Amino acid sequence: MKIQLLGLTSVLALSAGAAIAEKNFNRIASFAVVQNMSAGEDQSRETSPEIIAATEDGMTLVYTDSPLGVLGRIDITDPKSPKPLGNIDLQGEPTSVVVIGDIALVGVNTSESYVKPSGELRAISIKTGEMLASCDLGGQPDSVAKSPDNSFISIAIENERDEDLNDGILPQNDAGFLAMLDVTEGIPSCDSLKTVSVTGLAEIAPSDPEPEYVSINALGETVVTLQENNHLVVVDRDGEVISHFSAGSVDLENIDATDERGALIFTESQKGRLREPDAVAWIDETHFATANEGDYQGGSRGWTIFSKDGSEIYESGASFEHAIVQIGHYPDKRSDAKGVEPESVTFDVFGDTPMVFVGAERASVVGVYDVTDPKAPVLEQLLPSGVGPEGFVTIPSRNLLVSANESDLIEDGGARAHVMLYQYEDAPAAYPHITSEGADTLIGWGALSGMVAGEGRTIYAVNDSFYGYQPTIFTIDASTKPARITKATPVTRMSRPAQKLDMEGITTDGEGGFWIASEGRTDRVTPHALYHLNAEGEITQEIGLPQELMSVEMRFGFEGIARSGSTLWMPVQRDWADDPKGHVKLVSYNIETNEWGAVRYQLDGAEGGWVGLSDMAIYGDHAYIVERDNQHDYRAKTKKVYRVALEELVPAPLGGELPVVSKELVRDLLPDLTSTGGFVLDKVEGLAITSDGEAFISTDNDGVDDHSGETMFFSIGKLNAPS
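If you count by this note's numbering, then the sequence shown holds residues 39 to 761, one letter each, in order.
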């Protein structure tokens with residue numbers, strides 16, 4: 039969907055020319071936190087890094103892991119090669135952590151129930167794991183912050199509500215409060231515990247404040263977010279409330295606010311959307327930034343800078359989300375909720391530049407803003423994170439930014455939870471690889487599947503069935519870095535968006551139009567079929583599969599399409615009912631004679647999950663085929679490009695013996711997939727080869743559903759000979 043861009047005054051500096059001339063953050067390493075489990079532990083359990091901090095020397099990271107009830111530790115002496123240091127068992131649920139020297143101060147939830155909230159602040163030796171002190175906080179802690187001079191700690195005692203009681207509507211019993219404790223050389227003084235009431239301040243449920251997040255400035259003033267109450271409170275060093283005010287609301291324009299469709303349509307609005315801020319961070323002695331994640335009643339999809347007197351200094355509105363849309367990270371299934379959900383915000387100074395880092399939980403993106411002028415922040419970069427960025431730590435002395443990404447998708451067969459490290463360096467921005475930034479309209483995209491080369495460095499790509507109400511052909515200019523989506527052509531039937539397609543392959547017809555391979559799925563009434571489209575994307579011909587194929591149909595069908603003269607070739611992803619184990623078909627269709635045929639292709643063995651085929655392209659005397667497993671991160675073993683000589687692609691009639699072609703390895707893609715410091719993405723789904731032999735690869739981000747949203751689009755060079 040395309041709309042006119044409105045109000046994008048904080049321009050994302052994505053062009054390669056702009057990036058080369060200045061310093062940028064680039065991801066240098068990813069650490070799967072499951073590595074911190076001891077030998078023999080059940081690694082199928084969920085593990086989740088949430089809030090993260092660093093030792094004073096910047097060489098060790100610690101993070102809270104609520105599902106395991108531990109404090110995790112990572113050695114980053116070499117930040118490009120983080121090493122596990124193991125977990126410290128806390129016998130409770132850690133909620134937040136800060137570090138003074140080499141002592142971790144951890145908020146631990148020990149509550150028996152919602153109506154009996156309790157918790158402790160524990161001082162833990164990071165080196166030995168020894169508990170050095172423990173203070174009863176009188177309630178359930180959430181966020182913990184330390185003062186810049188390390189003299190005291192502030193803790194948001196949330197006493198969170200029971201979301202199953204009365205639909206979670208406030209008020210409920212046990213109001214939250216702010217706790218403050220003196221600290222000496224990293225050890226809290228339990229006798230100094232001071233509780234600060236924030237009851238009676240908010241307009242929403244004043245009797246039941248739920249403090250969510252805290253931050254302390256150089257004056258010793260603590261700002262507290264009351265997320266569910268949509269309120270902000272500033273408290274001085276002595277625990278006196280010096281100001282408080284509503285977080286207010288935002289009128290959002292040009293957003294997608296509807297979830298009941300698979301389409302990116304940014305033409306809706308939400309008036310008076312409550313901010314309901316989560317994280318907060320001081321950016322100087324007067325101003326602080328909030329990440330407006332929202333709760334049940336709100337969520338304004340952006341972030342705000344306030345003065346501590348309550349004045350609104352800056353509001354991002356929909357601009358942050360729009361920038362995320364352009365790099366393909368928009369989570370369409372969250373449209374009717376809170377969109378990209380900015381949940382975390384962090385501030386620090388790198389070089390001479392004051393920066394705010396905004397983490398979008400559902401988009402798995404980190405926005406980097408220059409806040410030299412707090413009234414006019416400039417969005418400099420969007421960084422790819424793991425799934426669900428929750429906490430950040432900055433280490434300016436080492437030019438490092440670190441994200442803790444809480445989502446562990448082990449139960450769904452997805453990526454494990456990761457901590458990611460970024461270096462601030464004199465280098466071009468490595469991400470995004472592909473963007474629609476620069477177009478005169480907002481082009482939303484995601485779930486890229488099959489590709490084909492056009493003229494020059496033009497690439498055409500299709501999205502798959504995730505966007506079932508918006509099948510689209512994207513025109514990509516691959517001559518720039520990042521590559522740019524310049525046009526989105528709807529695929530239509532009788533001038534309306536075509537339904538029941540799962541476009542997994544695209545090739546040109548030699549006359550300005552296209553052939554599309556659609557992967558069928560009978561249980562969802564999606565046919566296995568080929569479609570001929572004109573240059574405008576209108577379907578002009580539909581060709582169903584013959585009975586010889588449909589009688590042995592399985593779920594995983596055509597995953598690509600390539601044309602050699604008058605013959606179309608379609609790789610079938612996995613074996614069908616008549617295939618020998620470990621073999622799949624390359625199916626042919628002659629567009630002149632209407633004859634079908636096939637050969638067989640032997641797959642690599644799977645070390646975990648399954649191995650199948652993705653896209654296919656024909657160049658010179660060979661057909662090039664992507665073969666991949668369905669594994670993520672450190673578990674991935676097979677992400678390869680093979681080639682088959684065209685002279686072997688002689689189709690035999692369906693229903694009889696099929697010849698098995700021989701294959702030749704062209705490239706192992708694992709080094710490419712880890713070259714930007716991330717974990718291996720499972721779905722290598724696009725392959726296009728230009729007329730001069732340059733091959734481009736792309737990955738499918740699953741529409742940012744249980745996925746980081748990251749799309750890799752890169753060249754593997756000229757295909758002269760296998761390497």
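Backbone N, C-alpha and C define an ideal beta-carbon position, used for all residues, glycine too. Small disclaimer: the values here were computed from a predicted structure and weren't measured.
- Nearest to residue 625 by C-alpha distance, out of 461, 586, 98, is 586.
- Straight across, the Cα-Cα distance linking residue 550 with residue 627 is about 20 angstroms.
- One thing to note: residue 516 has its Cβ within 7 angstroms of the Cβ of residue 734.
- Nearest neighbour of residue 389 by Cα position, chosen from 148, 279, 462, 251, turns out to be 462.
- Here the region 315-326 makes no contact with the region 359-372; the two share fewer than three CB pairs at distances below 8 angstroms.
- Assignment of residue 209 by DSSP, reduced to helix, strand and coil, places it in the coil class.
- For residue 424, the three-state secondary structure derived from DSSP is coil.
- Less than 7 angstroms separates the beta-carbon of residue 696 from that of residue 636.
- The straight-line gap separating the alpha-carbon atoms of residue 546 and residue 61 is approximately 41 angstroms.
- Around the beta carbon of residue 507, fewer than 16 other beta carbons sit within 10 angstroms, so the residue counts as exposed.
- Three or more pairs of CB atoms, one per stretch, sit closer than 8 angstroms, so the region 717-728 contacts the region 473-488.
- Judged by DSSP in its simplified three-state form, residue 745 adopts coil rather than helix or strand.
- Scanning its chain for C-beta atoms nearer than 7 angstroms, with the 5 sequence neighbours on each side dropped, one finds around residue 657 the residues 727, 731, 757, in chain order.
- Approximately 18 angstroms separates the beta-carbon atoms of residue 112 and residue 425; this is outside 8 angstroms, ruling out the contact.
- Looking at the backbone, the Cα of residue 434 and that of residue 98 are separated by about 14 angstroms.
- Per DSSP, the beta bridge partners of residue 438 are 433, 461.
- Under the DSSP definition of a beta bridge, residue 489 partners with 499.
- Residue 429 counts as buried, since no fewer than 16 other beta carbons sit within 10 angstroms of its beta carbon.
- A Cβ-Cβ separation of about 6 angstroms places residue 536 in contact with residue 577 under the 8 angstroms criterion.
- Less than 7 angstroms divides the Cβ of residue 266 from the Cβ of residue 248.
- Contact between residue 86 and residue 104 holds: their C-beta atoms lie close to 6 angstroms from each other, under 8 angstroms.
- Using a 10 angstroms sphere on the CB of residue 445, the tally of other CB atoms reaches 16 or more, which defines it as buried.
- Selection 328, 286, 305 evaluated against residue 295 yields 305 as nearest (Cα-Cα).
- Residue ranges of uninterrupted beta strand (DSSP E) with 3 or more members, entirely inside the region 88-124 and ordered along the chain, are 98-103, 108-113.
- Relative to the Cα of residue 207, the nearest Cα in the group 280, 181, 335, 168 belongs to 335.
- Distances from the alpha-carbon of residue 423 to those of 729, 453, 165 put 453 closest.
- Sequence-distant Cβ neighbours of residue 676 in its own chain, meaning closer than 7 angstroms and more than five residues away, are 642, 649, 665, 666, 667.
- Fully contained in the region 215-288 are the following beta strand (DSSP E) runs of length 3 or more, in chain order: 215-222, 232-235, 249-254, 260-264, 269-273, 279-284.
- When the alpha-carbon of residue 538 is set against those of 552, 524, 561, 519, the nearest one is in 561.
- Distance from the Cα of residue 191 is smallest, within the candidate group 276, 687, 121, 328, for 276.
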